[in-house]
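Here the structure comes first, spelled out in structure tokens, and everything after it is commentary.
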Amino acid sequence: MNKRILASLITTLLIVSILSIPTPYIKAAKYDDLIEKISPTSGPIGVTVTVEGTAPHNITEDYPVQIYWSYTEPTVTTVEYGYAYGYAKPSKQNWELLETVEEPTTGTKEYKVDITIPYVPPTYEDKNIYIIAWQDKDNDTYVDDGEWDSIPFKVTAGIYPTTGHKGEEIVVGGWIETSGGLVEIYWENLNASNKLGETFAKADGSFTVTVTLPDPPVGTYSIIVYDASAKKCIGSYDFDLTPEISLSPTRVLPGGTVTVKGTGFSAEEEITLTISNGTTWSKTLTTDPETVETDSEGSFSCTFNVPSVAYGTYTIKAEDESGYSDEADLTVGAIITLSPTEGPSGTIVTITGEGWDAVETGTEVTVTIDGIECPVVDTIKVRSDGTFEGEIIIPTLDVDTYTVEATADTISATEDFKVTGKTSISVSPISGAPGSTVTIEGVNFTALADVKVTIDFGPLEEVATAKTNSTGGFSISITVPNLTPSAEAYVIK
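Per our numbering, residue -9 is the first one in the sequence shown, and the count goes up by one each step.
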């Protein structure tokens, strides 16, 4: 054989041999801050767990933090890659995805997300499963160094939380002997009137159900888990019901009236209400009715007038004769009111203020909603008597409840506004040739008649204008401009 050909063949065989040798596993180290804490650290199936941490890379849709769970603890000895990275994906690690975080809670890397503990078989009672966070910071789809973290969570049979107030929810979870059996949850005893809820277990006997607390007086009560199919009580768990008060409003001027409602106090006992600055003084409040007494379930309701005190935050305390009590904060200071208190984007809202006496007359009031400045119909200024009134326009926001804040000089006050609809448009038809006609309809724009709306079509700006009606709607037909036909839709805005 020709020596040159032989040498070439040997070289080729060596290359093939080298390539065929498996790549050794490489350990992928943790990024310790990716999970900083979880709460709670143990609990039943179905409980909500809050996971908090800081990612190694800015959190975006392209670089999300993904939260998984696993039966086995991932460590630097088990999270490893090699053999063409075949073992380095979450699916190969048998991680199950729970949540994906695509934007930070604060800053650019910090996140906070709620997950739900999944169903696990009875062999995992009082054992750990593992919550895992992973951010693929180099976008290669593999679990690499400095991209993951984990923390244990102990799965227990029982309830969470174990203390709370009337009307709050409790998660009950665990295992029964009957495959697919009916699980019933009771309060104190198995009387039908005390039944809180029910569910069917999985084939392995695991179950979870959420129930709502009734309205008894303060005390320790039993939550009972009953296997109805086996006619057997499988667990009884103590729950501490504690007092709670609420104030309405929570911000008021001196002399204003506040309603106090309380639950979970001792039954049929007198309540004493006090106001204090939390440090140097406390004063018993005069109430209506003059004598406040709880009912057979430990609940009460009364009102009081705020005494003449300086602006600030004060503590309102309700205490029964047995010494059970609860506190709530009351802010005494300038206030605002909104009318209406809910509506879609584009709604015109009347905002009024009282108690702004410390602000110089004529000072302009700025109004924000969720930190976004609200457009105003006309400039709003503080009057000589410390009041103001004006109209604001709710900007385009998702449906939710937001905080409206008015600020003048160093004084500010807040009130909630519920957005019930978002600004939007519809186009009909959604395709057509240049020169054809399309109709554009809009809703939840500024709710004033004759407000100008400009229409942009793809790269062309202000191809048409429309005017709103009094409810913030409009409808206009336009001619499709002479644009190059494209399989990708042009955006109309």
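Where a beta carbon is used, it is the ideal one built from N, C-alpha and C, also for glycine.
Keep in mind that this is a model prediction, so the values were computed, not measured.
Item to check | residue 200 beta carbon less than 8 Å from that of residue 36 | outcome: Locating residue 36 in the sequence shown gives position 46, where the first residue counts as 1. Locating residue 200 in the sequence shown gives position 210, where the first residue counts as 1. Annotated as proximal: residue 36 and residue 200, with beta-carbon spacing under 8 Å.
Item to check | Alpha carbon of residue 190 to alpha carbon of residue 396, nearest angstrom | outcome: As a first step, residue 190 is located in the sequence shown; it is residue number 200 there, counting from the start. As a first step, residue 396 is located in the sequence shown; it is residue number 406 there, counting from the start. Looking at the two C-alpha atoms, the distance is approximately 51 Å.
Checklist entry - In whole angstroms, what separates the C-alpha of residue 279 from that of residue 212? => result On the sequence shown, position 289 is the one that residue 279 refers to. On the sequence shown, position 222 is the one that residue 212 refers to. Our two residues, residue 279 and residue 212, have alpha carbons roughly 35 Å apart in a direct line.
Next on the checklist: Could you check whether the Cβ of residue 84 sits closer than 7 Å to any heavy atom belonging to the ligand MG?
Outcome noted: Summarising the ligand content, the structure contains no ligands, and the ligand MG is consequently not present.
Checklist entry - Under the three-state reduction of DSSP, which class applies to residue 303: helix, strand or coil? => result Along the sequence shown, one-based indexing puts residue 303 at 313. Residue state, collapsed to three classes: strand.
Next on the checklist: Do residue 297 and residue 273 have their beta-carbon atoms positioned less than 8 Å apart in this structure?
Outcome noted: Residue numbering aside, residue 273 sits at position 283 when the sequence shown is read from its first letter. Residue numbering aside, residue 297 sits at position 307 when the sequence shown is read from its first letter. The answer is yes: Cβ separation under 8 Å.
Item to check | the region 327 to 343 in contact with the region 393 to 407 per 3-pair CB rule at 8 Å | outcome: These segments touch.
Checklist entry - Quick check: the region 216 to 229 against the region 146 to 166, are there 3 or more CB pairs under 8 Å? => result Between the region 216 to 229 and the region 146 to 166, the count of C-beta pairs closer than 8 Å reaches three or more; the two stretches touch.
Next on the checklist: For a test of the three-state rule: what should DSSP assign to residue 470, helix, strand or coil?
Outcome noted: Here residue 470 refers to the residue found at position 480 of the sequence shown. Reduced to three states, the DSSP call for residue 470 is coil.
Next on the checklist: Considering only DSSP beta bridges, list what residue 460 is partnered with.
Outcome noted: By 1-based counting over the sequence shown, the position of residue 460 is 470. For residue 460, which the question treats as bridged, DSSP gives no partner whatsoever.
Item to check | Reduced DSSP secondary structure (H/G/I, E/B, other) of residue 276 | outcome: By 1-based counting over the sequence shown, the position of residue 276 is 286. In the structure shown, residue 276 sits in coil (DSSP, three-state: anything other than H, G, I, E or B).
Item to check | First and last residue of the uninterrupted beta strand (DSSP E) at residue 392 | outcome: Taking the sequence shown and counting its residues from 1, one reaches residue 392 at position 402. Per DSSP, residue 392 is one residue of the beta strand (DSSP E) stretching across 390 to 398.
Next on the checklist: Once the 5 residues before and after residue 497 are set aside, which same chain residues still bring their CB inside 8 Å of it?
Outcome noted: The displayed coordinates of the chain run from -9 to 483. Any statement about residue 497 would go beyond what the structure contains.
Next on the checklist: In whole angstroms, give me the CA-to-CA distance for residue 450 and residue 362.
Outcome noted: To locate residue 450, count along the sequence shown from 1; it is residue 460. To locate residue 362, count along the sequence shown from 1; it is residue 372. Computed Cα separation, rounded: 28 Å.
Checklist entry - Any idea which residues DSSP pairs residue 114 with across the strands? => result In the sequence shown, residue 114 corresponds to position 124, counting from 1. The partner list for residue 114 (beta bridge, DSSP) is empty, contrary to what the question assumes.
Item to check | Burial state of residue 138 (16 or more Cβ within 10 Å) | outcome: Position 148 of the sequence shown, counting from 1, holds the residue named residue 138. It is buried - the Cβ of residue 138 has at least 16 other Cβ atoms within 10 Å.
Next on the checklist: With the cut-off set at 8 Å, would you say residue 197 and residue 39 are in Cβ contact?
Outcome noted: Walking along the sequence shown from the start, residue 197 turns up at place 207. Walking along the sequence shown from the start, residue 39 turns up at place 49. Taking 8 Å as the Cβ cut-off, residue 197 and residue 39 do not qualify as a contacting pair.
Next on the checklist: Please report the distance separating the alpha-carbon of residue 14 from that of residue 187.
Outcome noted: Here residue 14 refers to the residue found at position 24 when the sequence shown is read from its first residue. Here residue 187 refers to the residue found at position 197 when the sequence shown is read from its first residue. Unreliable placement is indicated for residue 14, whose pLDDT of 49 sits below 50; no coordinate value is reported for it.
Checklist entry - Do you know offhand how far residue 100's Cα is from residue 42's? => result As a working note, residue 100 is residue 110 in the sequence shown. As a working note, residue 42 is residue 52 in the sequence shown. Counting only the Cα atoms, residue 42 lies some 8 Å from residue 100.
Next on the checklist: Short of 6 Å in beta carbon distance, which residues of its chain neighbour residue 456, apart from the five on each side in sequence? Order them along the chain.
Outcome noted: As a position in the sequence shown, residue 456 is number 466, starting the count at 1. Only 443, 464 and 466 meet the Cβ criterion.
Checklist entry - If you draw a straight line from the C-alpha of residue 352 to the C-alpha of residue 304, how long is it? => result As a position in the sequence shown, residue 352 is number 362, starting the count at 1. As a position in the sequence shown, residue 304 is number 314, starting the count at 1. Cα to Cα, the separation comes out at about 30 Å.
Item to check | 3 or more residues per run - each beta strand (DSSP E) lying fully within the region 182 to 228 | outcome: If you keep only unbroken beta strand (DSSP E) runs of at least 3 residues inside the region 182 to 228, you get 185 to 190, 196 to 202 and 209 to 217.
Item to check | Proximity to residue 415 [Cα-Cα], best of 216, 392, 462 and 374 | outcome: In the sequence shown, the residue the question calls residue 415 occupies position 425. Measuring from the Cα of residue 415, the nearest candidate turns out to be 462.
Checklist entry - Measuring CB to CB, does residue 92 end up less than 8 Å from residue 26? => result Reading the sequence shown from its first residue, position 102 is the one you call residue 92. Reading the sequence shown from its first residue, position 36 is the one you call residue 26. Not closer than 8 Å, so no.
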